[in-house]
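Residue numbers (this note's numbering): 12 to 216.
Note that beta-carbon positions come from the ideal geometry of N, C-alpha and C, so glycine has one too.
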């Protein structure tokens with residue numbers, strides 16, 4: 012397994028092959044975005060808080076199971092919860108663990124896809140800077156980079172950390188849509204007092 016220095020060299024090498032030059036800014040953007048928590052999908056702030064959180068948790072549970080070969084004990088350990096809690100969550104979120112286990116992709120594919128999505132997003136930010144041919148070659152390097160990065164980082168985060176990150180993102184987006192606390196609380200389907208408490212806990216107040 013390569014070390015982080017080797018991984019950074021691999022990123023630099025892939026960029027050089029694609030665009031023909033060293034791009035420290037792009038390498039930094041890639042390493043910075045990989046340091047952020049891996050959330051299972053884009054948070055939909057159009058939904059009330061609890062519904063959005065349930066969808067988020069359901070996808071988190073599915074992806075964690077996928078990255079632990081459908082093994083409930085390993086998935087629970089990765090999420091920082093016990094088996095009983097995982098089964099209770101699955102029941103509440105209407106997730107059939109046995110059915111999912113039969114349909115699971117290989118764990119490495121799940122991690123690679125999650126990383127690939129981030130890389131593609133970073134590269135898209137250079138669309139106005141790079142020549143189309145170089146940009147295309149850079150996109151072609153995404154699978155190779157994703158495989159290398161997947162060996163160095165853990166794409167599963169504990170449930171507590173995931174919930175905290177969900178709250179930070181959900182309420183930050185919510186406040187951009189509804190500057191009024193009353194309107195924001197009404198949209199989220201929670202009391203104003205609860206909203207203030209959530210904002211303080213998320214470091215947004």
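**Prompt:** So what's residue 169 in DSSP terms, helix, strand or just coil?
**Reply:** coil
Check the C-beta distance from residue 86 over to residue 75 and give it rounded, since I have them as a contact under 8 Å.
5 Å
Limits of the alpha helix (DSSP H) - the one that residue 137 falls within = Residue 137 -> no alpha helix (DSSP H), and no H or E assigned at all.
Exercise. Compute the beta-carbon to beta-carbon distance between residue 130 and residue 156, rounded to the nearest angstrom, for a pair I have assumed lies under 8 Å.
Key: 6 Å
Closest by CA to residue 24, which one among 208, 56, 159? 159
### Validate contact between the segment 167-174 and the segment 200-208 using beta carbons, cut 8 Å, 3 pairs
no
Just checking, does the segment 179-187 make contact with the segment 53-61 on the three C-beta pairs under 8 Å criterion? yes
Note to self: Once the 5 residues before and after residue 206 are set aside, which same chain residues still bring their CB inside 7 Å of it?
What the structure shows: 192, 195, 196, 199
May I have the straight-line CA-CA distance separating residue 214 from residue 123, to the nearest angstrom? 31 Å
Rounding to the nearest angstrom, what Cα-Cα distance links residue 80 and residue 112 in this structure? 7 Å
Cut-off 7 Å between Cβ atoms - residues of its own chain near residue 60, not counting five sequence neighbours on either side
181, 199, 200, 201
Point to revise | Inter-residue Cα distance where the pair is residue 139 and residue 150 | key: 14 Å
Discussion item. Tell me which residues share the same chain as residue 34 and place their Cβ nearer than 6 Å to its Cβ, disregarding the 5 neighbours each side in the sequence.
Written reply: 26
Q: Name the residue from 134, 186, 127, 216 whose alpha carbon lies nearest to the alpha carbon of residue 154.
A: 127
So which of 66, 32, 78, 125 has the shortest CA-CA distance to residue 100? 66
query: Do residue 37 and residue 137 come within 8 Å of each other at the CB atom, strictly closer than that value?
result: yes
Separation of residue 69 from residue 210, as counted between CA atoms: 23 Å
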